[in-house]
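Single-structure report; data block below.
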Amino acid sequence: MGNTNILILSVSRKTLLTQWIVKAARKMNVSVIGTDLNHDSPALSLVDKTISLPGLKDPSYINELLSQIKANQIKLIIPTRDEELLFFPEHIKTLQASGCLVLCNLPDVSKKMINKSAFTYFCIEELGVRNLRVAGTPQEAKADDFPLFFRGAKPSATLKIQINNQAELNAAFLLCPDGIASTYLEGKEISIDCYVSREG
Numbered sequence: 074m075g076n077t078n079i080l081i082l083s084v085s086r087k088t089l090l091t092q093w094i095v096k097a098a099r100k101m102n103v104s105v106i107g108t109d110l111n112h113d114s115p116a117l118s119l120v121d122k123t124i125s126l127p128g129l130k131d132p133s134y135i136n137e138l139l140s141q142i143k144a145n146q147i148k149l150i151i152p153t154r155d156e157e158l159l160f161f162p163e164h165i166k167t168l169q170a171s172g173c174l175v176l177c178n179l180p181d182v183s184k185k186m187i188n189k190s191a192f193t194y195f196c197i198e199e200l201g202v203r204n205l206r207v208a209g210t211p212q213e214a215k216a217d218d219f220p221l222f223f224r225g226a227k228p229s230a231t232l233k234i235q236i237n238n239q240a241e242l243n244a245a246f247l248l249c250p251d252g253i254a255s256t257y258l259e260g261k262e263i264s265i266d267c268y269v270s271r272e273g
């Protein structure tokens, strides 16, 4: 292990993400540490070292993390779950005081990006994505809006379906009242994570 180490949280089955981080770290002579509550997580086999941490809701979590930061010379933490992205902005100053950076946004930015409804309206109102149709209630949909893509607003929401007509939209909102329906786009989904600055 070197003098500078990166910690990936909740590596789980994120093998591709872990491989890319390890590949980039090798170019800078940086070691990668991984952790997950499931000690048999596939991505743990790809890192240089594994550590154990309690669950995020455990009252001892931050103190345990600070101990691991010191013991393993961790200079950068990469959260990978929505819950972590909401948790760490509240503790960023404590972690920075320990000499460790966390790849996360300010709390209000994280909340807006993770809540699918808030993010959709952000894209329309603040980014000017005018061709995006959206319905926050069944009544907001017009006949020519279909098909729509429906999903729950919360990060843990599992309902993600194509909606082809008003009856299906009504049923979706009955199952998930806080959901949102937006333009259905066919094709391959590509996710891009971008870290812009240390200012959140």
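Residue numbering for the sequence shown follows my numbering, beginning at 74 and increasing consecutively. From the three backbone atoms N, C-alpha and C, an ideal C-beta is built for every residue, glycine too.
Residue i, DSSP secondary structure in three states
i, result
"arginine 154", "coil"
"proline 222", "Position check: residue 222 holds phenylalanine in this sequence, whereas proline was assumed. Strand, per DSSP."
"glutamine 235", "strand"
"valine 105", "strand"
"alanine 254", "strand"
"leucine 176", "coil"
Proximity of residue i and residue j at Cβ, strictly below 8 Å
i, j, result
"valine 105", "isoleucine 79", "yes"
"glutamine 235", "phenylalanine 246", "no"
"glutamate 156", "leucine 179", "no"
"isoleucine 187", "valine 175", "no"
"isoleucine 135", "threonine 91", "no"
Per-residue burial, residue i [other beta carbons within 10 Å of its own, 16 or more giving buried]
i, result
"lysine 215", "exposed"
"serine 133", "exposed"
"asparagine 111", "exposed"
"isoleucine 253", "buried"
"isoleucine 94", "buried"
"glutamine 141", "buried"
Close-in-space but distant-in-sequence residues of the same chain around residue i (CB under 6 Å, 5 per side omitted)
i, result
"cysteine 249", "Gly225 and Leu232"
"arginine 86", "Pro115"
Close-in-space but distant-in-sequence residues of the same chain around residue i (CB under 7 Å, 5 per side omitted)
i, result
"serine 183", "Leu158, Leu159, Pro162 and Cys177"
Supposed contact pair residue j and residue i - C-beta distance, whole angstroms, cut 8 Å
i, j, result
"glutamate 137", "leucine 126", "6 Å"
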